[in-house]
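Beneath this line is the structure, given in structure tokens, with notes to follow.
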Amino acid sequence: MNLEAASTIQNGDDPAPPAGTRLGNAQLACDPACLERTCQSLQQFELATEEEVRQLYSHGSAALAGPRPWDPLEFVAALRVSEPDARPVEVERLGRGLAAAAGQALTLIPFAARIPTPSSFYDDHADLRLQCHQLLVPILYAEEMEVVGIASINPVALDLAEQFVVADIHSRTGNNPLISKLLLHHDSWMSLCQKQFAL
Numbered sequence: 003m004n005l006e007a008a009s010t011i012q013n014g015d016d017p018a019p020p021a022g023t024r025l026g027n028a029q030l031a032c033d034p035a036c037l038e039r040t041c042q043s044l045q046q047f048e049l050a051t052e053e054e055v056r057q058l059y060s061h062g063s064a065a066l067a068g069p070r071p072w073d074p075l076e077f078v079a080a081l082r083v084s085e086p087d088a089r090p091v092e093v094e095r096l097g098r099g100l101a102a103a104a105g106q107a108l109t110l111i112p113f114a115a116r117i118p119t120p121s122s123f124y125d126d127h128a129d130l131r132l133q134c135h136q137l138l139v140p141i142l143y144a145e146e147m148e149v150v151g152i153a154s155i156n157p158v159a160l161d162l163a164e165q166f167v168v169a170d171i172h173s174r175t176g177n178n179p180l181i182s183k184l185l186l187h188h189d190s191w192m193s194l195c196q197k198q199f200a201l
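Following the numbering used here, the numbering of the sequence shown begins with 3 at its first residue and continues without gaps.
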């Protein structure tokens, strides 16, 4: 599948998200750090071909062409699966494959979309909310800054968000919180991103 076909994941009717990572005056299609590390992991664990990684990097590092940013695994799924309704299964397969290859025992949880937004935590951590928005990693819960649950379709994004959460809380309290990382089904992830980040 070519870039034109794969770019359909950026099309839709949702309003444009707030400004995030930018190239000049244009918002990027994907967070650069997440894109680079996802490309590296897909190559390292042989979960994508060289051509898929090349197209992923080219497209993800370009200016955003649609109404919302996207996770790199969504694009790989679009390269492989022509039917949009069938892509979430491929996204979830890639997420589980990356987690297993990296030796991470991540649980794929259902019904996450029903979890309320931790608004008070976000209110107290505005910079962290922006970083989670750019990575598309919703926070599921925060227990007095001691235990924080984060979730994504992409284990690489989870690793990056974990670093931001730990650094933010450590700078405030001097303590390192326990981070619980969970994989999401694509639909639940999209629902949470829409609720928490106004995508």
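Glycine included, every Cβ here is placed at the ideal spot set by N, Cα and C.
In DSSP terms, what residue i is bridged to
| i | result |
| --- | --- |
| V150 | A144, I181 |
| A65 | L30 |
| L186 | I111 |
For residue i, three-class secondary structure by DSSP
| i | result |
| --- | --- |
| Q204 | Within the shown structure, residues of the chain are numbered from 3 to 201, placing residue 204 beyond reach of any answer. |
| L137 | helix |
| P118 | coil |
| L100 | helix |
| T109 | strand |
| L132 | helix |
| P86 | helix |
| I171 | helix |
| L75 | helix |
| E48 | coil |
| A200 | coil |
| R70 | coil |
| C195 | helix |
| L25 | For L25, the predicted model reports a pLDDT of 45, less than 50, meaning its position is unreliable; a value from the coordinates is still stated below. It is a strand residue. |
| I155 | coil |
Which listed residue (the options) has its alpha carbon closest to that of residue i
| i | options | result |
| --- | --- | --- |
| L100 | L137, G151, Q45 | Q45 |
| S60 | C41, G68, F47 | C41 |
| A115 | K197, L180, Q133, L201 | K197 |
| E52 | D73, L30, V78, S63 | V78 |
| E54 | P69, E148, L75 | L75 |
| Q57 | R70, G68, E38 | E38 |
| E92 | H187, F199, S193, C195 | H187 |
| D202 | L185, D129, S84 | One cannot answer for residue 202 here, as it falls past the ends of the chain, which runs 3 to 201. |
| L137 | S121, F166, A144 | F166 |
| L96 | F113, S154, T175 | S154 |
| I117 | G68, H135, C134, L142 | L142 |
| D161 | P112, L30, S43 | S43 |
Nearest-angstrom Cβ-Cβ length linking residue i and residue j, presumed shorter than 8 Å
| i | j | result |
| --- | --- | --- |
| C36 | A159 | 5 Å |
| V139 | P179 | V139 to P179, Cβ: 15 Å. No contact. |
| L185 | A103 | L185 to A103, Cβ: 14 Å. No contact. |
| A80 | R89 | 6 Å |
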